[in-house]
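For the sequence shown, the numbering used here begins at 5 and goes up steadily by one. I have placed the structure first, in the form of structure tokens, so that the comments after it can refer back to it.
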Amino acid sequence: MNLYNFMNEIDETILNRGLLYFKDGHVLGTKVLSNGWVEVLVVGHDDYTVSVQLADDGTILKANCACPYRGGPICKHEVAAFYSLSHSFTPKESPLASLLKSLSIETLVAELLKVADENPMIYERLMAYQQPQDQLATFERQLEELVAKHIQFGHEISGKAVQRFVDDLYELLGQIKEQASVQLKVEMMLLCREECEGVDNQIDDSDAIFSEFLGELHAQLQSLIFATIDYHQDMDEVYSLLMSRLQKNATWVDFELLDLLSEYGRDPQYLQQMIEYIETMVEVVEDKVKGSLYKVWYELLAKYQEESLDAFLECHADVPVLTEFRVEQFVLQSRYEEAIPLILELESFEENRFDATWKLYRYTIYEKMKDIEAMKKLAYELFVGGNFDYYAKLKKLYGEAFPFIYESLKLEMRRLDKQELYLKMIETEKDQEALLAYVKEDLRYIERFASLLWDTFETEVHHLYEQYIKQELMKVSHRSGYRRICAIFRRYRPFTTDEAYETLIHQLIAMYPRRRALIEELQCLLHELEEESSNQHVEQLSIDIA
5 MNLYNFMNEI DETILNRGLL YFKDGHVLGT KVLSNGWVEV LVVGHDDYTV
55 SVQLADDGTI LKANCACPYR GGPICKHEVA AFYSLSHSFT PKESPLASLL
105 KSLSIETLVA ELLKVADENP MIYERLMAYQ QPQDQLATFE RQLEELVAKH
155 IQFGHEISGK AVQRFVDDLY ELLGQIKEQA SVQLKVEMML LCREECEGVD
205 NQIDDSDAIF SEFLGELHAQ LQSLIFATID YHQDMDEVYS LLMSRLQKNA
255 TWVDFELLDL LSEYGRDPQY LQQMIEYIET MVEVVEDKVK GSLYKVWYEL
305 LAKYQEESLD AFLECHADVP VLTEFRVEQF VLQSRYEEAI PLILELESFE
355 ENRFDATWKL YRYTIYEKMK DIEAMKKLAY ELFVGGNFDY YAKLKKLYGE
405 AFPFIYESLK LEMRRLDKQE LYLKMIETEK DQEALLAYVK EDLRYIERFA
455 SLLWDTFETE VHHLYEQYIK QELMKVSHRS GYRRICAIFR RYRPFTTDEA
505 YETLIHQLIA MYPRRRALIE ELQCLLHELE EESSNQHVEQ LSIDIA
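What follows is the structure, given as structure tokens:
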């Protein structure tokens, strides 16, 4: 790392903070010491001394700061010091530099050719001195050769072949980073992106390796664009490059490129150009794309020109996709009466037919409006639609009148065959008569509701449980089924007497004398009963003796 390339070696956040420190004048002075050491005074929350040891060519040999920062190898004070030194440092000429200057051009060229032939890295380093257009052409050729090496027309690649392709793409991406020109980097990345899009349908990306590369490519492109905006480096050139690519097709929109360009919206001039582009495109693209364009348009205004949002939404009130944004604006401005019809419109859209999101949102608006009648009606609708959370709201809204609503709800639930909702409601209310009636219709539910019914309907619970056991036994004819019946027996035990329990077991043994496996399992139950009775007898004797 040296004073001319340290920007590429340091964490971006720390780099930006250090640059701001330098620009804002936090570097107060520099003191040159011996052996290449330099002390730089940087003012932050306190005065900090940054010590830097430099080689004759500007290489940073060592650096440390007296600040308490331990979040990484380099702090913002050191970065500020590097920026300051890079402006004032004059490298000393090495003996090799003096020698090379004394040689003729012919000798230098001949020697460099020899070295470049022997070392590919030096060859690439020297080729980097080409003119940008030559470099771009070379890169494009390399990219095409790379794709041709891995992908043949009409053939799909998968597995390790995809991994090898992506590895080579990453290597090429590494070459882009070494370029000095930001504009050239962006052009190369765009070429890479376009080439990848061209072969996307020939890649089986089951492991998402290729997608991950495209994501990294997009992230690096985005990072470059942010840098042009933040540091005003090649800003106009890169914007023009991206916009020309975007405008290349007159009938469809590259939304990924448009998203990258959106960062330029902070400049009113660029924002206006992007809006003009969107205005033109909404007139020519397919209907299914128009909505996405309008959304981008709205988001640009919301981010960079908020004062024009109301006029924009008013002007495009007939655009369905903008309805939710109009609702958002009306709610922010407490214009609830105007928001409600729009929410109802959103609820009517086909894509929202089975989605209660907007109904739930409408309920919160009614709450803000304190419209009790509307809240009652919608809470009833939401509950009947399957949202049990609104049952408690209904009870609270109706207060003393709720018992009448409860009876109405029971009828409605049965009519609509909302079985689970109905059961949950009568279970919540501990409506024993309704629960008993339901269990009589479907004996399976005796296990779920026996404990709720037992204190009032002891005889019925006993009778229904026996019916249920006999009903279930008729459905099985193998040992695993019999064991399931015995498990039901054990759950039935707390709701009957030992005598009735034993009588039912003997009754079933008598009913199925040829089912040996069943008899064996039922005898296990009798044995458990005997053991329990014996243990209770012993415990009672112990109590009596004591």
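Each residue gets a CB set at the ideal place from its N, CA and C atoms; glycine is no exception. Because the structure is a prediction, the values reported are computed rather than measured.
Comparing alpha-carbon positions, which option in the options lies nearest residue i?
i	options	result
Asp2	His81, Ala59 and Gly62	Nothing about residue 2 can be reported from this structure: the residues present for the chain run from 5 to 550 only.
Tyr230	Ala184, Asn20 and Thr255	The amino acid occupying residue 230 in the given sequence is Phe; Tyr does not appear at that position. Considering only alpha carbons, the answer is Asn20.
Leu89	Ala120, Val323, Glu341 and Leu45	Leu45
Phe453	Glu431, His466, Gln471 and Thr463	Glu431
Phe2	Tyr73, Arg74, Ser55 and Asp60	The displayed coordinates of the chain run from 5 to 550. Any statement about residue 2 would go beyond what the structure contains.
Asp61	Arg168, Gln179 and Leu7	Leu7
Ser92	Lys363, Leu456, Tyr516 and Thr34	Thr34
Arg497	Leu350, Trp458 and Met478	Trp458
Gly75	Leu398, Pro517, Ile14 and Lys363	Ile14
Leu401	Val480, Lys66 and Lys381	Lys381
Met373	Glu341, Lys397, Glu349 and Glu404	Glu341
Lys428	His531, Glu534, Tyr394 and Ala405	Tyr394
Gln309	Val286, Arg270 and Gly295	Arg270
Glu349	Arg366, Tyr505 and Leu477	Arg366
Leu32	Ile18, Leu23 and Val47	Val47
Leu37	Leu305, Gln57, Gly22 and His30	Gln57
Asn12	Arg129, Ala405 and Gly178	Gly178
Ala521	Phe499, Ile492, Val480 and Phe493	Val480
Round the Cβ separation of residue i and residue j to the nearest angstrom and send it over; I've been treating them as touching at under 8 Å.
i	j	result
Leu173	Phe217	6 Å
Val300	Leu261	Contact flag wrong, Cβ pair sits at about 11 Å.
Leu195	Phe143	7 Å
Ile347	Val331	6 Å
Val257	Asp209	In fact, because the Cβ distance is near 24 Å, the residues do not count as touching under 8 Å.
Ile155	Val203	5 Å
Leu530	Glu503	That belief does not hold up - the Cβ atoms of Leu530 and Glu503 are roughly 13 Å apart, past 8 Å.
Leu275	Leu304	7 Å
So the alpha helix (DSSP H) residue i belongs to, where does it begin and stop?
i	result
Leu401	Asp393 to Tyr402
Ile14	Where Ile14 is concerned, there is no enclosing alpha helix (DSSP H), given that its DSSP letter is neither H nor E.
Val83	Lys80 to Ser92
Phe169	Lys164 to Lys181
Gln333	Thr327 to Leu336
Tyr489	Note that residue 489 is Ile in the sequence shown, not Tyr. Counting along the chain, the alpha helix (DSSP H) containing Ile489 begins and ends at Arg483 to Tyr496.
Trp458	Segment: none, Trp458 is in no alpha helix (DSSP H) and carries neither H nor E.
Leu250	Met239 to Leu250
Ile344	Tyr340 to Ser352
Tyr384	Ile376 to Val388
Glu464	Glu462 to Leu477
Trp362	Thr361 to Met373
Glu416	Phe406 to Arg419
Glu445	Gln436 to Glu445
Arg230	It is Phe, not Arg, that sits at residue 230 in the sequence shown. Here the alpha helix (DSSP H) through Phe230 covers Ile213 to Tyr235.
Leu262	Phe259 to Leu265
Tyr298	Asp291 to Tyr308
Ile509	Asp502 to Met515
Asp563	The displayed coordinates of the chain run from 5 to 550. Any statement about residue 563 would go beyond what the structure contains.
Val119	Ile109 to Glu122
Tyr426	Gln423 to Thr432
Just the C-alpha distance for residue i and residue j, rounded to the nearest angstrom, thanks.
i	j	result
Glu241	Gln187	7 Å
Glu191	Leu245	8 Å
Leu228	Arg339	42 Å
Phe461	Leu468	10 Å
Ile233	Gly389	51 Å
Gln224	Val151	21 Å
Phe387	Tyr426	11 Å
Tyr25	His49	12 Å
Trp41	Glu182	29 Å
Thr501	Ser412	39 Å
Gly163	Cys319	52 Å
Arg519	Thr463	30 Å
Glu283	Glu328	20 Å
Met417	Ala438	12 Å
Gln273	Ala184	27 Å
Val4	Ser312	There is no way to answer for residue 4, as the model of the chain reaches only from 5 to 550.
Asp1	Tyr384	Residue numbering for the chain in the displayed model covers 5 to 550; residue 1 lies beyond these limits and cannot be assessed.
Glu351	Ile344	11 Å
Met379	Glu404	17 Å
On the DSSP letters alone, give me the boundaries of the beta strand (DSSP E) that residue i sits inside.
i	result
Val44	Trp41 to Val47
Give the DSSP bridge partners of residue i, in chain order.
i	result
Gly33	Leu45
Gln57	Trp41 and Lys66
Tyr52	Val46
Ile161	Ile207
Asn6	Thr63
Any Cβ of chain C within less than 8 Å of the Cβ of residue i?
i	result
Tyr302	The chain labelled as chain C is not found in the depicted structure, where only one protein chain is given.
Following a CB-centred definition, is residue i positioned closer than 7 Å to any heavy atom of the ligand FAD?
i	result
Leu346	Only the bare structure without any ligand can be found here, which leaves the ligand FAD out of the picture.
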